[in-house]
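Q: Pasting a structure here, questions to come.
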Amino acid sequence: MSETRASNGSPLSVCHLFPSLPLHGAENHFLKLCRNLDPDVIRTSIVVMVERGELAPDFEALGIPVTLIPKRSRYDLTVVPRLRNFLKTGHYDIIHTHLFTANFWGRLASFGLSSLLVSSAHNVVPKERPTLVRVENFLDRLQSRWTDAIFCVTGQVLQSMKSDAGLPRHKLVAIENGLPFPEATERRLTEARHRLGLPVDRRILAVIGRFSTQKNHAGFLEAVARVRTTYPDLLVLFIGEGELEGVVREQVAALGLGEAVRFLGQRRDVPALLEALDLLVVPSLWEGLPNVMLEAMAAHVPVVATAVGGIPDVLTDGVTGIVCQTSPESLSEAMARALSRPDEMSRMADAASDLIRDRYDIRNTARRYTGFYRNLDRQKRFSRGMRDVIRTGTGRLMSRPGKGSPGSLRVLMYHRIDDDPGKDILAVTPFSFFEQMRWLKEEGFPVLPVSEALKRLSEGNLPEGAVCITFDDGYRDNFTEAFPVLSRFHFSAMVFPVTGFVRGEGEHPRYRQSPVPVPYLTVDQVRQMKEAGIEFGCHTHTHALLPGISDDQAKDEICQAKKLLEDWTEAPVEVFAYPNGAFQHRHFSMLDEHGFQAAFSVMPGVNCRETDRWILRRTEVSGRDSLRDFMHKMRGGLDFWQGLYQSVKGFYR
């Protein structure tokens, strides 16, 4: 089904499974996300398993069908065949489950279906319920065997799923939550309080979320009792509902806080309530990335939050808010600090708003979701059955642990970074490229500029796991797609543009019949990348294969490209990459004569001090590579496979 959709331009159909659709963080965020997904690209459906929930009409107003397939009791096994029949007849490209109930029953029902299967992890693995957590982790590991991807809302959640839950890293992907941001305006606290009927002469703080163990209302109330001795005018707003609300009310009474606490229930006007606050407190024992915290930060509301889950990724103590521990003592100290320094907290809130608006725009989140789904579908279409089984087995068998041999250098070779809907193996999707760079950073691989790496290679003092990144031909997406990702991770790279293509004098033979033009870098883009630390090397002027032309023609190809690049970058060009990896030994002296120091082939493997500098090896990263393939390539597991493939089929680049 997905191959047909991809080939005829129809949208991918994605069915999301939730327990229900209440006014809670994950469900609320998904509603905001759906408002920003293009229905011509992603067609969304929802199945709920407990009840419809308050948000169901909001989804239906967007044209998203919400179907209730009820689980009639906690262990209602009949829900599996009923749910499976619905999913099977729906012919969905992707089934995406959310939260434990839907993750467990939805994955059971989806076992063996042709749809791609995704499950979500919204929180880090909690430490407070070890027996239950062990059971859930076991079920997650078991069901992950037939799950294509496990979706995490922050990098911290991803690390927790890998380290604490023991889930396979190659199936984990992180996309941070986002928010729709209205145009920034000055906060009018007094007006907001008048509107909401709240007192203007009291310090007001709030905790927003379900009454559950996770949200730590008990520890928070103990902290409030301490702080109130210094700030008797304190007013606490509890916004939400949940199974522990009665317990929290009893604790309020026992601590004598009745006059200081108001229970507002579940509210749809959270943005208006945030505007009326002096402080938002997030006292959670465990978290993923709380949406309400992001909303408060975007709205210039000062925040105190515990250092759990993805919170420290966003909230920097003393810079964008106050971060504390989960104990009542630490919470009370943090709240007292915030209340005693309103001017400092206001400056932090402004810095937090700038950060959130730059990093957590819901439109970027929607683009990442779309890229994620399309990337999954594309990899399925690249699937080659038994060939993939053998390739994966080879990769696992031959991969070496760690980052590689001391003193060795692995050079990655890319071409295009493009969301190509077809099967162009030169095109790595932007989503895949981002995840590959994230993994390199996560694993601590030192990514070096090519010039530095080659110098240190010859001196024999490379750091363990040294890596370089290169791009051949000079496609424009190297600037529009790859360059921002490299900048985000502070990685350098070397681009080998075909200078004639940059000048508009030709194009790669591979794309001459392409129905959609494939653009190349412009001179201005070359200069911008150079100024930002990207290096440039020579790849001839017309992408001529050197063995197929005369020596005079080869010299002209090399010299013309070198001169143009040096003019554009105002820097010496001393590294060459053979078009198609094609060379003869007579070309070595030719390159040496014209001032080159080294040349890259396309032969796979790592480089060591003894490697011939005119035949340096590179590891191709292709559009068919999954993250697992990339991990195997980085650890040498597919060097033999790539060499065998090239020797049998040739290497046409």
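Under full-length UniProt numbering, the final residue of the sequence shown carries the number 653; numbering is consecutive throughout. A virtual CB, placed ideally from N, CA and C, is assigned to each residue, including glycine.
Determine whether the beta carbon atoms of L21 and G53 lie at a separation below 9 Å.
A: A contact, by the Cβ cut-off of 9 Å.
Q: Can you tell me which residues form a DSSP beta bridge with C34?
A: Paired residue(s): none; C34 is not in a bridge.
Q: Going by the beta-carbon positions, is the gap between F445 and G371 smaller than 9 Å?
A: Result no, Cβ atoms of F445 and G371 do not sit closer than 9 Å.
Q: From which residue to which residue does the alpha helix (DSSP H) around L564 run?
A: Start and end: D551 to T569.
Q: Short check: CB of Y520 to CB of F501, under 9 Å?
A: In this structure, F501 lies closer than 9 Å to Y520 by Cβ.
Q: Going by other Cβ atoms of all chains shown within 10 Å of its Cβ, with 16 needed for buried, is Y414 buried or exposed?
A: By the neighbour-count rule (16 or more Cβ atoms within 10 Å), Y414 is buried.
Q: For L545, collect the residues of the same chain with a Cβ closer than 8 Å to its Cβ; drop the 5 residues on either side in sequence, then sort them by chain order.
A: So the qualifying residues of the chain are P579, N580 and A582.
Q: In chain order, which beta strand (DSSP E) runs of at least 3 residues are fully inside the segment 284-355?
A: Fully enclosed beta strand (DSSP E) runs of 3 or longer: 303-306 and 322-324.
Q: Excluding five sequence neighbours on each side, which residues of the same chain lie with their C-beta closer than 6 Å to the C-beta of F600?
A: So the qualifying residues of the chain are A577, L616 and R618.
Q: What residue from I239, A276, P182 and R141 has the CA that sits closest to E191's CA?
A: Among I239, A276, P182 and R141, the Cα nearest to that of E191 belongs to A276.
Q: For F238 versus V270, is the C-beta distance shorter than 9 Å?
A: No.
Q: On the premise that V428 lies in contact with G637, defined as a C-beta separation below 8 Å, what is that separation, rounded to the nearest angstrom?
A: Not really, about 19 Å apart at Cβ, beyond 8 Å.
Q: For the segment 105-116 against the segment 77-89, do three or more pairs of beta-carbon atoms, one drawn from each stretch, fall closer than 8 Å, so that the two count as touching?
A: With a cut-off of 8 Å, the segment 77-89 and the segment 105-116 count as touching, because enough Cβ pairs lie within range.
Q: Does the beta-carbon distance from G246 to G209 come in below 9 Å?
A: Cβ atoms of G246 and G209: not closer than 9 Å.
Q: So what does DSSP say about E3, is it helix, strand or coil?
A: Per-residue confidence for E3 stands at a pLDDT of 43, beneath the threshold of 50, marking its modelled position as unreliable; the derived number appears in the next sentence. Of the three classes helix, strand and coil, the one that applies to E3 here is helix, per DSSP.
Q: Between E243, T480 and G605, which lies nearest to T213 when the distance is taken from Cα to Cα?
A: For T213, the nearest C-alpha among the options comes from E243.
Q: If we require 4 or more residues per run, which alpha helix (DSSP H) segments fall completely within the segment 230-261?
A: Correct list: 245-254.
Q: Could you name the residues that DSSP lists as bridge partners for H96?
A: BP columns for H96 point to H16 and V118.
Q: Just tell me which of E570, P572 and R586 has its CA closest to the CA of D552.
A: Comparing Cα-Cα distances from D552 to each of E570, P572 and R586, the minimum goes to R586.
Q: Please tell me whether P39 and P11 are closer than 9 Å, where the distance is taken between their beta carbons.
A: Yes, the Cβ-Cβ distance between P39 and P11 is below 9 Å.
Q: Between which two residues does the beta strand (DSSP E) harbouring L172 extend?
A: Looking at the DSSP string, the run of the beta strand (DSSP E) that includes L172 is L172 to A174.
Q: Just to confirm my understanding: we take H122, look at its own chain, exclude 5 residues before and 5 after, and list those with CB closer than 6 Å. What are they?
A: Within the same chain, H122 has close Cβ partners A26, V153 and G288.
Q: If you run the structure through DSSP and keep just helix, strand and coil, what is A598?
A: Three-state result, A598: strand.
Q: If you pair each beta-carbon of the segment 590-608 with each one of the segment 341-358, do three or more pairs fall below 8 Å?
A: Contact fails: fewer than three Cβ-Cβ distances are below 8 Å.
Q: Are G534 and A493 touching if we call contact CB-CB under 9 Å?
A: The question names Gly, but residue 534 is Ile in the sequence shown. Closer than 9 Å, so yes.
Q: Could you pull the start and end residues of the alpha helix (DSSP H) that F86 belongs to?
A: V79 to G90 is the span of the alpha helix (DSSP H), which, as asked, contains F86.
Q: Which same chain residues end up closer than 6 Å to M603 when comparing Cβ atoms and leaving out the 5 residues on each side of it in sequence?
A: Only R617 meet the Cβ criterion.
Q: Output needed for E3: all residues of its chain with C-beta closer than 6 Å, excluding positions within five of it in sequence on either side, in chain order.
A: Summary for E3: the model assigns pLDDT 43, below 50, so the residue's position carries little reliability; its value from the coordinates is reported in the next sentence. Contacts found: R381.
Q: Throw me the rounded Cβ distance for the A223 and L397 pair, which I believe falls under 8 Å.
A: With 8 Å as the limit, A223 and L397 do not qualify as a contact, their Cβ atoms being about 54 Å apart.
Q: Under DSSP, the beta strand (DSSP E) around F434 begins and ends at which residues?
A: Not the beta strand (DSSP E): F434 falls in the alpha helix (DSSP H), residues P430 to E443.
Q: Please tell me whether V467 and N478 are closer than 9 Å, where the distance is taken between their beta carbons.
A: No, the Cβ-Cβ distance between V467 and N478 is not below 9 Å.
Q: Between which residues of its own chain and A109 is the CB-CB distance below 7 Å, once the five residues before and five after are set aside?
A: The answer, listed in chain order, is V80, L83, R84 and L87.
Q: Let me check understanding here. Comparing Cα to Cα, which of P463, M634, V227 and F536 lies closest to R337?
A: Of the listed residues, the one whose Cα sits closest to R337 is V227.
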